[in-house]
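A.B. asks:
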Amino acid sequence: MLHWSRNDSHSQQHFGGFSYSVTSCISIWRIDISTTRLNQASIKTHQPQGGVKMIRLKNVSYAYTNKKERVEALKDISYIFESGKLYSIMGPSGSGKSTLLSLIMGFDKPTTGEIFLDKKNIVDYSAQEYRATQVAMIFQQYNLLPYLTVQENAAYPLLLQHIPMKQAYQSASLHLKTLGLEEKLFKRLPSMLSGGEQQRVAIARAVCSGVKVLLADEPTGNLDYTNAQNIARIFLKLAHEQQCTVIMATHDSEIACIADVQLRIRDGILSDITQSSNPAI
Numbered sequence: 009m010l011h012w013s014r015n016d017s018h019s020q021q022h023f024g025g026f027s028y029s030v031t032s033c034i035s036i037w038r039i040d041i042s043t044t045r046l047n048q049a050s051i052k053t054h055q056p057q058g059g060v061k062m063i064r065l066k067n068v069s070y071a072y073t074n075k076k077e078r079v080e081a082l083k084d085i086s087y088i089f090e091s092g093k094l095y096s097i098m099g100p101s102g103s104g105k106s107t108l109l110s111l112i113m114g115f116d117k118p119t120t121g122e123i124f125l126d127k128k129n130i131v132d133y134s135a136q137e138y139r140a141t142q143v144a145m146i147f148q149q150y151n152l153l154p155y156l157t158v159q160e161n162a163a164y165p166l167l168l169q170h171i172p173m174k175q176a177y178q179s180a181s182l183h184l185k186t187l188g189l190e191e192k193l194f195k196r197l198p199s200m201l202s203g204g205e206q207q208r209v210a211i212a213r214a215v216c217s218g219v220k221v222l223l224a225d226e227p228t229g230n231l232d233y234t235n236a237q238n239i240a241r242i243f244l245k246l247a248h249e250q251q252c253t254v255i256m257a258t259h260d261s262e263i264a265c266i267a268d269v270q271l272r273i274r275d276g277i278l279s280d281i282t283q284s285s286n287p288a289i
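Here the sequence shown is numbered in the working numbering, starting from 9 and rising by one per residue.
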């Protein structure tokens, strides 16, 4: 059964079923993104877990108590997030965007309703299995381990799964290169990278373990315009070329419109579903 105990300390991050303390070292400047296509055939060092995945929400609601007042954060949401697409979710602060991602990630459990990964209810996974092999989350803060190199950070989830070190590093290197990071950066610490570069390392770390569902909570919030656009296009490429299901919460309308499908949450209700006719790549 999927079980997770919330710890609201900002210094604690949860990854692959483990907890660790992180310090965000952020410096932001403009960088040029490589337009290299994601080469699906070249990344064979660690196979995805069970092929393409879709997320299905069935009558999902979530409520909590704040100062003795009941707050309905999400209200009876039913929706299918398909593989091979990038979804953006917009809405004002407190509308339920992050809450929805938290439920899909298994950090919280719906008050009512169910969430399925393909045909399997996510509560039927163990927390470690689900978050280490099925879904991954990328945050506004990059949450890289400050004392590990870029390559070590990207390989971290594979090492937690007891993948041999040589194989883990090879897979990490391939993903880092595919995401436009030069090999000369691999031995550097995160604090030596720009904000856009750090976020790419975080994305590489997420996809290294072969997960097919990526959740991103305001992933471009700390980036300038150019880097924000570049990161959003990376998510689009991952969706299209790796057949990932990518769900991105954002407050930026210019970032949201890059997605294949644009959703809006207001007062806990999912609405305003827009299909993009010509997504930017």
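Glycine is no exception: its CB is placed at the ideal position from the N, C-alpha and C atoms.
On the DSSP bridge list, what partners appear for ASP225?
C.D. replies: Stepping through the sequence shown from its first residue, residue 225 is reached at position 217. As computed with DSSP, ASP225 is found in a beta bridge with PHE147, ALA257.
A.B. asks: Report the CB separation of THR228 from THR258 in whole angstroms; it is logged as a contact under 8 Å.
C.D. replies: Here residue 228 corresponds to residue number 220 of the sequence shown, with the count starting at 1. Here residue 258 corresponds to residue number 250 of the sequence shown, with the count starting at 1. 7 Å between Cβ atoms; contact.
A.B. asks: May I ask you to report which of helix, strand or coil DSSP gives VAL79?
C.D. replies: Within the sequence shown, residue 79 is the residue found at index 71, counting from 1. Correct three-state label for VAL79: strand.
A.B. asks: Of the residues ILE242, GLU137, LEU166, LEU156, which one's Cα is nearest the Cα of LEU189?
C.D. replies: Numbered from 1 along the sequence shown, position 181 holds the residue referred to as residue 189. Closest by alpha carbon: ILE242.
A.B. asks: Can you give me the C-alpha to C-alpha distance between LYS93 and LEU244, rounded to a whole angstrom?
C.D. replies: Translated into the one-based positions of the sequence shown, residue 93 becomes position 85. Translated into the one-based positions of the sequence shown, residue 244 becomes position 236. About 7 Å.
A.B. asks: Check TYR233 in the structure and name its three-state DSSP category.
C.D. replies: Indexing the sequence shown from 1 puts residue 233 at position 225. Three-state DSSP puts TYR233 in a helix.
A.B. asks: May I ask you to verify whether the region 265–282 touches the region 86–103, counting CB pairs closer than 8 Å and requiring at least 3?
C.D. replies: yes
A.B. asks: Is the separation between the beta-carbon of LEU125 and that of GLN136 shorter than 7 Å?
C.D. replies: What you label residue 125 is simply residue 117 of the sequence shown in a count that begins at 1. What you label residue 136 is simply residue 128 of the sequence shown in a count that begins at 1. Result no, Cβ atoms of LEU125 and GLN136 do not sit closer than 7 Å.
A.B. asks: Between MET113, PHE194, ALA264, LYS127, which has its C-alpha nearest TYR138's C-alpha?
C.D. replies: As a first step, residue 138 must be located in the sequence shown, where it is residue number 130. Residue MET113 is the option with its Cα nearest to TYR138.
A.B. asks: Mind reading off the beta-carbon distance from ALA140 to PRO165? Whole number of angstroms is fine, and I expect it under 8 Å.
C.D. replies: Numbered from 1 along the sequence shown, position 132 holds the residue referred to as residue 140. Numbered from 1 along the sequence shown, position 157 holds the residue referred to as residue 165. With 8 Å as the limit, ALA140 and PRO165 qualify as a contact, their Cβ atoms being about 6 Å apart.
A.B. asks: Can you pull the DSSP bridge partners for LEU65?
C.D. replies: Here residue 65 refers to the residue found at position 57 when the sequence shown is read from its first residue. Looking at the DSSP output, LEU65 sits in a beta bridge with TYR87, ILE123.
A.B. asks: Residues in its own chain within less than 7 Å of ARG272 by CB, not counting five upstream and five downstream?
C.D. replies: To locate residue 272, count along the sequence shown from 1; it is residue 264. These residues qualify, in order along the chain: MET98, GLY99, SER279, ASP280.
A.B. asks: Quick one: is ARG274 buried, meaning 16 or more other Cβ sit within 10 Å of its Cβ, or exposed?
C.D. replies: The residue you call residue 274 lines up with position 266 of the sequence shown. In summary, ARG274 is exposed, with fewer than 16 beta-carbon neighbours lying within 10 Å of its beta-carbon over all protein chains present.
A.B. asks: Please state if the CB of TYR150 and the CB of ALA210 are separated by a distance shorter than 7 Å.
C.D. replies: By one-based count along the sequence shown, residue 210 stands at place 202. By one-based count along the sequence shown, residue 150 stands at place 142. In contact: ALA210 and TYR150 (Cβ atoms closer than 7 Å).
A.B. asks: May I ask you to verify whether the region 65–76 touches the region 114–122, counting CB pairs closer than 8 Å and requiring at least 3?
C.D. replies: Contact between the region 65–76 and the region 114–122 is present, because at least three Cβ pairs lie under 8 Å.
A.B. asks: Apart from the five residues just before and just after PHE89, which ones in its own chain have a Cβ nearer than 7 Å to its Cβ?
C.D. replies: Here residue 89 corresponds to residue number 81 of the sequence shown, with the count starting at 1. Excluding residues within five positions, the ones whose Cβ falls inside 7 Å are MET62, ILE63, TYR95, THR253, ILE255.
A.B. asks: According to DSSP, simplified to helix, strand and coil, what is THR141?
C.D. replies: Your numbering for residue 141 matches position 133 in the sequence shown. Three-state result, THR141: helix.
A.B. asks: What is the DSSP secondary structure of TYR95, counted as helix, strand or coil?
C.D. replies: Within the sequence shown, residue 95 is the residue found at index 87, counting from 1. Residue state, collapsed to three classes: strand.
A.B. asks: I need the boundaries of the beta strand (DSSP E) containing VAL131, first residue and last residue.
C.D. replies: Within the sequence shown, residue 131 is the residue found at index 123, counting from 1. First-last for VAL131: undefined, no H or E at that position.
A.B. asks: Specify the secondary structure class of GLU189 as computed by DSSP and reduced to three states.
C.D. replies: One-based indexing of the sequence shown puts residue 189 at position 181. Inspection of the sequence shows that residue 189 is occupied by Leu rather than by Glu. LEU189 falls in the coil class under three-state DSSP.
A.B. asks: May I ask which residues mark the beginning and end of the beta strand (DSSP E) holding ILE211?
C.D. replies: To locate residue 211, count along the sequence shown from 1; it is residue 203. Counting along the chain, ILE211 falls outside any beta strand (DSSP E), though it belongs to the alpha helix (DSSP H) covering 203–216.
A.B. asks: Using the C-alpha atoms, what's the distance from LEU223 back to GLN251?
C.D. replies: Start at 1 with the first residue of the sequence shown, and residue 251 comes out as number 243. Start at 1 with the first residue of the sequence shown, and residue 223 comes out as number 215. Each residue's alpha carbon lies about 14 Å from the other.
A.B. asks: CB-CB under 7 Å to GLN169, same chain, minus the five flanking residues each way: which ones, in chain order?
C.D. replies: For this step, residue 169 is matched to residue 161 along the sequence shown. If we look at GLN169 and ignore the five residues flanking it on each side, its Cβ neighbours are ALA140, SER217.
A.B. asks: At the level of alpha carbons, what is the spacing between VAL221 and TYR133?
C.D. replies: Against the sequence shown, residue 221 aligns to sequence position 213. Against the sequence shown, residue 133 aligns to sequence position 125. When rounded, the distance between both Cα atoms is 15 Å.
A.B. asks: I need the DSSP call for ALA135, collapsed to helix, strand or coil.
C.D. replies: Numbered from its first residue, the sequence shown carries residue 135 at position 127. Three-state result, ALA135: helix.
A.B. asks: With a CB to CB cut of under 6 Å and the five nearest residues on each side skipped, what residues in its chain are close to SER110?
C.D. replies: Translated into positions along the sequence shown, residue 110 becomes position 102. The answer, listed in chain order, is ASP116.
A.B. asks: With burial defined as no fewer than 16 other Cβ atoms inside 10 Å of the residue's Cβ, what is the status of VAL79: buried or exposed?
C.D. replies: Residue mapping note: residue 79 aligns to position 71 of the sequence shown, counting from 1. Exposed, because fewer than 16 other Cβ atoms sit within 10 Å of the Cβ of VAL79.
A.B. asks: Skipping 5 residues on each side, what residues in its chain have a beta carbon closer than 7 Å to that of ALA71?
C.D. replies: Along the sequence shown, read from residue 1 onward, the residue named residue 71 stands at position 63. Closer than 7 Å at Cβ, skipping near neighbours: ARG78, VAL79, GLU80, ALA81, THR119.
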